[in-house]
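The structure appears right after this line, and notes come after that.
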Amino acid sequence: MSDPTTMIELHDVHKSYGHLEVLRGIDLQITKSEVVVVIGPSGSGKSTMLRCINALEPIQRGKIIIEGTDLTDSKTNVNQVRQKIGMVFQSFNLFPHKTALENVMLAPLKVKKQSRGEVEKIARDLLVTVGLSDKADNHPDQLSGGQQQRVAIARALAMQPDMMLFDEVTSALDPELVAEVLNVMKDLALAGMTMVVVTHEMGFAREVGTRMIFMDEGVIVEEADPREMIANPREERTQKFLGMVL
Amino acid sequence: MESLLNGFEAFQRYYLNWQIIQETVPLLLRTLPIVFELLVLSMFFSFVLGLILSLMRLSRFRAFRWFAGAYVDFFRGLPLLLNLVFVYSGLAIVGANSGMRFLILGEIPAAVLSLSTTYAAYSAEVFRAGIESIHRGQMEAARSLGMTYGQSMRYVVLPQAIKIVIPPLTNEFIALIKDTSLASVISVQELLFTAKEKMGVVANPTPLAVAAVVYVVFTIPLIRLASRLEKKRERGSKGQKPTGGSAGKTPALVSADIAAQLPTGGGVR
Chain G
401 MSDPTTMIEL HDVHKSYGHL EVLRGIDLQI TKSEVVVVIG PSGSGKSTML RCINALEPIQ
461 RGKIIIEGTD LTDSKTNVNQ VRQKIGMVFQ SFNLFPHKTA LENVMLAPLK VKKQSRGEVE
521 KIARDLLVTV GLSDKADNHP DQLSGGQQQR VAIARALAMQ PDMMLFDEVT SALDPELVAE
581 VLNVMKDLAL AGMTMVVVTH EMGFAREVGT RMIFMDEGVI VEEADPREMI ANPREERTQK
641 FLGMVL
Chain E
9 MESLLNGFEA FQRYYLNWQI IQETVPLLLR TLPIVFELLV LSMFFSFVLG LILSLMRLSR
69 FRAFRWFAGA YVDFFRGLPL LLNLVFVYSG LAIVGANSGM RFLILGEIPA AVLSLSTTYA
129 AYSAEVFRAG IESIHRGQME AARSLGMTYG QSMRYVVLPQ AIKIVIPPLT NEFIALIKDT
189 SLASVISVQE LLFTAKEKMG VVANPTPLAV AAVVYVVFTI PLIRLASRLE KKRERGSKGQ
249 KPTGGSAGKT PALVSADIAA QLPTGGGVR
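Sequence lines, in order, name chains G and E.
Count along the first sequence starting at 1, add 400, and that's the number in my numbering.
Count along the second sequence starting at 1, add 8, and that's the number in my numbering.
In structure tokens form, the structure reads like this:
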């Protein structure tokens, strides 16, 4: 906890929905500029873990600490902590009643109360970064899935977060649109962003990931360098899973 | 043939008596400001109260949910006519006997209070269904950006929900227009009251026919508008460009949900 470069800490995190225990004791530490790739079969708890890190789901036991702030402490202002964490969802979740530019501008305007001019400049710059400066005035339903997802990334970045969570962000995309989103994520990683990426994209994991985590049945089964894990998985469950996806 | 003609003549004399029509029309038109006053005030208060109740019903605080649920059930189950008589006469009796003079309401405030409290229950259900039809991911995306629950509701969920509830709210409004006629029993001098009075004077039901025409002239365009809005909404959700995978399915799913959930005007009562 004393290490200032520690961004995310999970200590013995348990999460259940009724009788179904989805996370069964997760311990994880993520330091600055790491790109942690989380893989595992569906229902293994990957997405739930991500949602717990962002306090979208309450946990039943354990601790989650974001940059030294204990999320499980009832005195913690969750909204403030969330501002440091950007999140991108599988289903984009852009605001359909707003244009791409307005989507990116909304949170900085209302949460950070920055001036409109300042926010618009940041937002336009971000749309340039994700390659969508010409789509600023389009509504989400006029954009392709890949474009929507890039707007969603820009929207999260507009709050200038210290870390980003990606929840299977390419799973809902047509195959030809996956690359444009992964490229934006790759640039982000190269720029030093701390990232936790739940994905099935092994190419991306191998190229960009600094650490790989294999989850199954609510626990972390194996942890290693992505290239190492993909080439020589130690655990039998990891071998079986990688055998199926590769 | 002759008896048929006689029958037609009798019908015209009793229901479409030209002489009486000419006398009644200006009389009824003069009541329109009162009808509009009832309508506008009741609509405003019922929408505001209905929105508050719907938010309470979706709140994480159990007491709010309980109160809103009880309110909606009670007023949906209560005859509007009883509500009117209670608020006008019932409260006045208590007020007169106990010295709480503020309980003695004039006809129009009493009518507005009854119409608003009852219609708030209907509106609350419409708003709740509208808010619930907005995909959970919208609230999550807003919260993940650091917005509070209130900000997420105000800037993300409600603007989308309002668009969805406009057609059912139009139906509410149509029902409200018709139900202002109930205020005649507490002697609000609106359309029906005035028509009935005139009917007594001329001993002829033609004024009722005139009143019927006035109601229908106002309601039919709104009925058309409501069904046009509903069709437009259906078209709108079908016209959404599929965006691939589960995300693309969302709009269609949502509109199907709404169709199943939203009470359509007549269905509620």
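Where is the CB? At the ideal position from N, CA and C, for every residue including glycine.
Which of the three DSSP states is assigned to residue i in this structure?
i	result
G/F566	strand
E/G256	With a pLDDT of only 35 at E/G256, under the threshold of 50, the placement of this residue in the model should not be trusted; the figure read from the coordinates follows. DSSP places E/G256 in helix when its eight states are reduced to three.
G/H419	coil
E/T32	helix
G/Q560	coil
E/I170	helix
E/D81	helix
G/K512	coil
G/Q429	strand
E/V196	coil
G/K484	coil
G/M615	strand
E/M155	coil
E/G145	helix
E/G114	coil
G/G380	An answer regarding residue 380 of chain G cannot be provided, because it is not within the stretch 401 to 646 covered by chain G.
G/E467	coil
G/D541	helix
E/V93	helix
G/V530	coil
G/M407	strand
E/Y68	In the sequence on display, residue 68 of chain E carries Arg and not Tyr. In the structure shown, E/R68 sits in coil (DSSP, three-state: anything other than H, G, I, E or B).
G/R424	strand
G/R451	helix
G/D412	strand
E/R236	helix
G/R461	strand
For residue i, return the contacting residues in chain G, with the cut-off set at a CB-CB distance below 9 Å.
i	result
E/M155	N479, R482, L506, A507, K510, V511
Cβ closer than 7 Å: which chain E residues qualify as neighbours of residue i?
i	result
G/M559	L153, G154
Name the chain G residues that come within less than 8 Å of residue i, Cβ to Cβ?
i	result
E/P3	Summary: the structure shown does not reach residue 3 of chain E, with chain E confined to residues 9 through 277, and so no result is reported for it.
E/Q159	K510, V511
Output, in chain order, the set of chain G residues within a Cβ distance shorter than 7 Å of residue i.
i	result
E/A149	F489, N493
E/G145	F489, S491, N493
E/V164	F495
Does the beta-carbon of residue i, which I'm using as the reference point, lie nearer than 8 Å to any heavy atom of the ligand MG?
i	result
E/L66	Ligands are entirely absent from the displayed structure, and the ligand MG is therefore not among its contents.
Counting only C-beta atoms, is residue i closer than 9 Å to chain A at any point?
i	result
G/R637	This model lacks chain A altogether; the protein chains it does include are G and E.
Residues in the segment 482-508 of chain G having any Cβ partner in chain E nearer than 8 Å: R482, Q483, I485, G486, M487, F489, Q490, S491, F492, N493, L494, F495, P496, H497, L506, A507
Chain-ordered residues of the segment 441-469 of chain G with a beta carbon less than 9 Å from chain E: R451, N454, A455, L456
Stretch-stretch touch, CB-based, cutoff 8 Å, three pairs: the segment 124-138 of chain E with the segment 41-60 of chain E: yes
Inter-stretch contact at 8 Å, needing at least 3 Cβ pairs: the segment 195-208 of chain E / the segment 37-52 of chain E: yes
Three or more C-beta pairs below 8 Å linking the segment 223-231 of chain E and the segment 159-176 of chain E: no
Any 3 or more C-beta pairs closer than 8 Å across the segment 566-577 of chain G and the segment 606-616 of chain G: no
Meets three-Cβ-pair contact criterion under 8 Å: the segment 560-570 of chain G and the segment 589-600 of chain G: yes
Every unbroken beta strand (DSSP E) inside the segment 577-639 of chain G [3 residues or more]: 594-598, 611-616, 619-624
Meets three-Cβ-pair contact criterion under 8 Å: the segment 492-501 of chain G and the segment 525-539 of chain G: yes
Touching by the beta-carbon criterion (3+ pairs, under 8 Å), the segment 582-593 of chain G and the segment 440-453 of chain G: no
Validate contact between the segment 76-84 of chain E and the segment 146-164 of chain E using beta carbons, cut 8 Å, 3 pairs: no
At least 3 beta-carbon pairs within less than 8 Å: the segment 60-75 of chain E vs the segment 130-146 of chain E: yes
The segment 171-184 of chain E touching the segment 18-29 of chain E, judged by at least three CB pairs closer than 8 Å: no
At least three beta-carbon pairs within less than 8 Å, the segment 509-521 of chain G to the segment 462-473 of chain G: no
Given 8 Å, three or more beta-carbon pairs between the segment 547-564 of chain G and the segment 483-490 of chain G: yes
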